[in-house]
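Down below is the structure, laid out as C-alpha cells.
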Amino acid sequence: MLCHIFNVGVGQTFSGSLIDFVLFGVLQGNAKSHWVNAILIGIPLFPIYYFSFRFLILRFNFKTPGREDEGQETKLYTRKDVEAAKGSAPQAHDQKTDQVSELIVAGLGGKANITNIDCCATRLRITVADENLVDDNLLKSSGARGVIRRGQGIQVIYGPHVTLIKSNLEDCLQGV
1 MLCHIFNVGV GQTFSGSLID FVLFGVLQGN AKSHWVNAIL IGIPLFPIYY
51 FSFRFLILRF NFKTPGREDE GQETKLYTRK DVEAAKGSAP QAHDQKTDQV
101 SELIVAGLGG KANITNIDCC ATRLRITVAD ENLVDDNLLK SSGARGVIRR
151 GQGIQVIYGP HVTLIKSNLE DCLQGV
C-alpha cells in the first residue's frame, strides 16, 4: 500500500530479488519507477518487521523450519527399517532405484497410498489416499527440510533439487 501511495513502480518476477530491483527499477530510471522511494520505505519497515516477527516467533514458539521440538530426534533408517515399514520382506534391490525414493515411499505409507506426485520450485507435492499413514519423521530422514499437511495433500520441502527427487520417485513407483 505504501508503494502505491508513493508511486513506486518497480516490477518483480518470481523471486523479487536484487536483480529484479536493478532491472525493473534502477535501470528504468527514477522518473519511471520511483525506485528511490522503495528504499526509503524499506529502511523503516525492515526493523519493524524483523523485531515484531522475531518477538512473535519466540513468544508463541511458532514452529518455523529448523525449530522443531528438542525431544524430536531425526532417526536414520536402515534398509530393514524401510522394508518393515512397507510391511514386506526384503526383496532384490534394483540398482536404478535409490534409497531416498524408497524412504519417501515408505514415509508416504507405501505405493498404494500415493495417488498423485507433482513438484514446484522447492517442494514435492503428493496427494495420498490416507493421510494418517504418512510418517513425517521418516520423510525428514530422507533429507526433507519440513513437511506440510493439508488434508490428503502433503508437501515435502527438499529445496531446488526437488525435480531430480521427483523423477527418481516416479521411476521407483513404476518399478524402473
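In full-length UniProt numbering, the protein residues as written are 1 to 176.
Virtual Cβ for every residue (Gly too), placed ideally from N, Cα, C.
Item	Value
Nearest-angstrom Cβ-Cβ length linking Val134 and Ile154, presumed shorter than 8 Å	6 Å
Exposure of Leu138, with buried meaning 16 or more beta-carbon neighbours within 10 Å	buried
Continuous beta strand (DSSP E) stretch holding Gln155: start and end	Gly153 to Ile157
Opening and closing residue of the beta strand (DSSP E) in which Gly146 lies	Gly146 to Arg150
In chain order, each alpha helix (DSSP H) run of at least 4 residues that lies wholly inside the segment 12-66	18-21, 30-33 and 35-59
Identified DSSP bridge partners for Arg123	Ile157
Cβ neighbours of Ala129 in the same chain (closer than 6 Å, five flanking residues each side left out)	Asn113 and Thr115
Simplified DSSP assignment, three categories, for Val128	strand
Three-state secondary structure (DSSP) of Asp135	coil
Exposed unless 16 or more other CB atoms sit within 10 angstroms - verdict on Val162	buried
For Asp118: DSSP bridge partner residues	Arg125
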